[in-house]
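All remarks here apply to the structure that follows.
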Amino acid sequence: MQLDEIDRKLLLFLQEDAKQTTKELSHKLNLSVTAVYERVRKLENTGIIKSYVAILDRQKIAKDFLVLCHVKLAQHKKEFILEFEKEVINLQEVTECFHVSGDYDYILKICVQDMADYRNFMLTKLTNLQHIASTHSSFMIAEVKNTIAIGL
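Numbering (my numbering), first residue to last: 92 to 243.
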């Protein structure tokens, strides 16, 4: 789907605050409520808008110890890769997982309460996954930028 300038602005507004009403968006875009509604539905139906979510404050829910864990698999067999990915999806502490190039095969973003919680996660969950050869963990010192908004 080709996005026009109005679609781009609409998407930026929704990324800032998805709870805005169609009426509020119509005022910002200088369009009718119906036109905005139809554009949003089109963006949803084409899959450009995948979902609407509540973004939690990690600190307020005591999950602000953020770890980037690099994982190297023992072998790069298709079945090992697929099994690892299937298992890591079920780990609630892992909020993001990327299959990457370079020295490691995966980077996991892990949110836990503190170092003790991370140690427990490593000992009871991550190291129980099949086919992991090694891991390397980096701990967040300070958050410089955190956004899920995609520039258009």
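For each residue, glycine too, the CB sits at the ideal point set by N, CA and C. All values reported here derive from a predicted model rather than from experimental measurement.
Limits of the beta strand (DSSP E) - the one that residue i falls within
| i | result |
| --- | --- |
| L157 | F156 to L164 |
| S123 | First-last for S123: undefined, no H or E at that position. |
| T186 | V185 to H190 |
| L199 | Y197 to V203 |
| A109 | It is not in any beta strand (DSSP E) - A109 carries neither H nor E in the DSSP assignment. |
| I172 | I172 -> not in any beta strand (DSSP E); alpha helix (DSSP H) instead, spanning K169 to I180. |
Own chain, CB closer than 7 Å to residue i, minus 5 neighbours either side, in chain order
| i | result |
| --- | --- |
| R244 | Lying outside 92 to 243, the shown extent of the chain, residue 244 is not represented and no answer is given. |
| A109 | Y143 |
| K154 | C202, V203 and Q204 |
Separation of residue j from residue i, as counted between CA atoms
| i | j | result |
| --- | --- | --- |
| A224 | F189 | 17 Å |
| E129 | F104 | 16 Å |
| I241 | V162 | 27 Å |
| I140 | A233 | 30 Å |
| L182 | A165 | 20 Å |
| H222 | E174 | 9 Å |
Close-in-space but distant-in-sequence residues of the same chain around residue i (CB under 8 Å, 5 per side omitted)
| i | result |
| --- | --- |
| I180 | C188 |
Terminal residues of the alpha helix (DSSP H) in which residue i lies
| i | result |
| --- | --- |
| T215 | M206 to T215 |
Cutoff 6 Å; reference residue i; Cβ partners in own chain excluding five residues on either side
| i | result |
| --- | --- |
| T226 | C160 and V162 |
Given 8 Å, three or more beta-carbon pairs between the stretch 212-228 and the stretch 137-148: Between the stretch 212-228 and the stretch 137-148 there are fewer than three inter-stretch CB-CB distances shorter than 8 Å, so the stretches are not counted as touching.
On the three-pair Cβ rule with 8 Å, is the stretch 158-173 touching the stretch 106-122? Here the stretch 158-173 makes no contact with the stretch 106-122; the two share fewer than three CB pairs at distances below 8 Å.
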